[in-house]
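Engineer: Counting from 1 along the sequence shown, just add 3 to a position and that's the residue number in this note's numbering.
Even for Gly, the Cβ is constructed at its ideal location relative to N, Cα and C.
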Amino acid sequence: MKNLQRQKPKPRERQIIGWREMVGLPELGISALRAKIDTGARTSALHAVDLRVFEKDGMHWIEFHVPQPGKPRSERCSARLVDERQIKNTSGVPEDRYVIETLLVFGKRHWHMEVSLADREKMEFDLILGRTAVRRRKLLVDPGKSFLVGPPGGASPDQSDKPDQSDKKADTAIKRPRPRKTSRANHLQTGS
Numbered sequence: 004m005k006n007l008q009r010q011k012p013k014p015r016e017r018q019i020i021g022w023r024e025m026v027g028l029p030e031l032g033i034s035a036l037r038a039k040i041d042t043g044a045r046t047s048a049l050h051a052v053d054l055r056v057f058e059k060d061g062m063h064w065i066e067f068h069v070p071q072p073g074k075p076r077s078e079r080c081s082a083r084l085v086d087e088r089q090i091k092n093t094s095g096v097p098e099d100r101y102v103i104e105t106l107l108v109f110g111k112r113h114w115h116m117e118v119s120l121a122d123r124e125k126m127e128f129d130l131i132l133g134r135t136a137v138r139r140r141k142l143l144v145d146p147g148k149s150f151l152v153g154p155p156g157g158a159s160p161d162q163s164d165k166p167d168q169s170d171k172k173a174d175t176a177i178k179r180p181r182p183r184k185t186s187r188a189n190h191l192q193t194g195s
């Protein structure tokens with residue numbers, strides 16, 4: 004008699020990462036930064052100060068400084084402004100934050116992610132990677148380990164992390180959010 008049981012599909016092979024890792028944000032000029040992987044946080048957050056919104060080529064951009072531990076000067080950065088959203092801080096209190104999109108280098112892999120800009124001066128980590136930054140990347144977080152991925156860099160285009168076609172719609176929603184009617188970014192775009 005034939006075995007009629009259905010074979011279970013093989014699970015995707017997942018990379019195990021630590022609860023903290025070294026990452027790079029090359030589009031912002033940051034080659035290495037300690038990041039906390041926080042699956043309890045939905046949105047990623049980068050420590051940024053001296054924020055200034057300006058217009059460039061008909062689009063809204065933001066300039067800011069990212070203080071670097073152990074360096075006398077902070078890194079001056081600019082990026083296209085994606086949105087302004089209400090995001091809960093570590094105390095659970097909603098606050099308005101600017102959101103940008105930038106390239107994340109994670110070991111030999113890289114992908115674009117959205118990150119909010121916040122004053123994290125009193126926090127231990129300058130960068131928090133939330134769920135939306137790491138989901139669909141075949142990663143498992145080992146909460147008892149740190150720095151498993153290695154230093155950021157060496158990613159070539161064929162090593163980049165490209166989502167499956169099934170993730171295309173979800174990634175589009177993440178990368179191109181609809182501005183809220185009350186958002187500052189929407190207000191800036193309409194000129195009202």
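Going by other Cβ atoms of all chains shown within 10 Å of its Cβ, with 16 needed for buried, is Lys39 buried or exposed?
Structural biologist: In the sequence shown, counting from the first residue as 1, residue 39 sits at position 36. It is buried - the Cβ of Lys39 has at least 16 other Cβ atoms within 10 Å.
Engineer: Secondary structure at Thr135, three-state DSSP: helix, strand or coil?
Structural biologist: Within the sequence shown, residue 135 is the residue found at index 132, counting from 1. In the structure shown, Thr135 sits in a helix (DSSP, three-state: H, G or I).
Engineer: Whole angstroms are fine: how far does the CA of Asp145 sit from the CA of Glu16?
Structural biologist: Position 13 of the sequence shown, counted from the first residue, corresponds to residue 16. Position 142 of the sequence shown, counted from the first residue, corresponds to residue 145. If I take the Cα positions, the gap works out to 15 Å.
Engineer: Indicate the three-state DSSP secondary structure (helix, strand or coil) for Glu87 in the structure shown.
Structural biologist: Locating residue 87 in the sequence shown gives position 84, where the first residue counts as 1. If DSSP states are grouped into helix, strand and coil, Glu87 belongs with the strands.
Engineer: Within 10 angstroms of the Cβ of Asp53, are there 16 or more other Cβ atoms? Answer buried if so, exposed if not.
Structural biologist: To locate residue 53, count along the sequence shown from 1; it is residue 50. Classification of Asp53: exposed, given that the 10 Å Cβ count is below 16.
Engineer: Apart from the five residues on each side of it in sequence, which residues of its chain come closer than 7 Å, Cβ to Cβ, to Gln71?
Structural biologist: In the sequence shown, counting from the first residue as 1, residue 71 sits at position 68. The answer, listed in chain order, is Ser77 and Glu78.
Engineer: Taking 8 Å as the limit between beta carbons, can you name the residues of its chain near Thr135, skipping five residues before and five after?
Structural biologist: Numbered from 1 along the sequence shown, position 132 holds the residue referred to as residue 135. Arg45, Thr46, Ser47, Met116, Glu117 and Ile177.
Engineer: In chain order, what residues of the same chain lie with their CB nearer than 7 Å to the CB of Lys91, ignoring the 5 residues before and after it?
Structural biologist: Residue mapping note: residue 91 aligns to position 88 of the sequence shown, counting from 1. Excluding sequence neighbours, Lys91 sits near Pro97.
Engineer: Secondary structure at Leu28, three-state DSSP: helix, strand or coil?
Structural biologist: What you label residue 28 is simply residue 25 of the sequence shown in a count that begins at 1. Leu28 falls in the strand class under three-state DSSP.
Engineer: Which whole-angstrom value is the C-beta distance of Val56 and Leu31, which I expect to be below 8 Å?
Structural biologist: Along the sequence shown, read from residue 1 onward, the residue named residue 56 stands at position 53. Along the sequence shown, read from residue 1 onward, the residue named residue 31 stands at position 28. With 8 Å as the limit, Val56 and Leu31 do not qualify as a contact, their Cβ atoms being about 16 Å apart.
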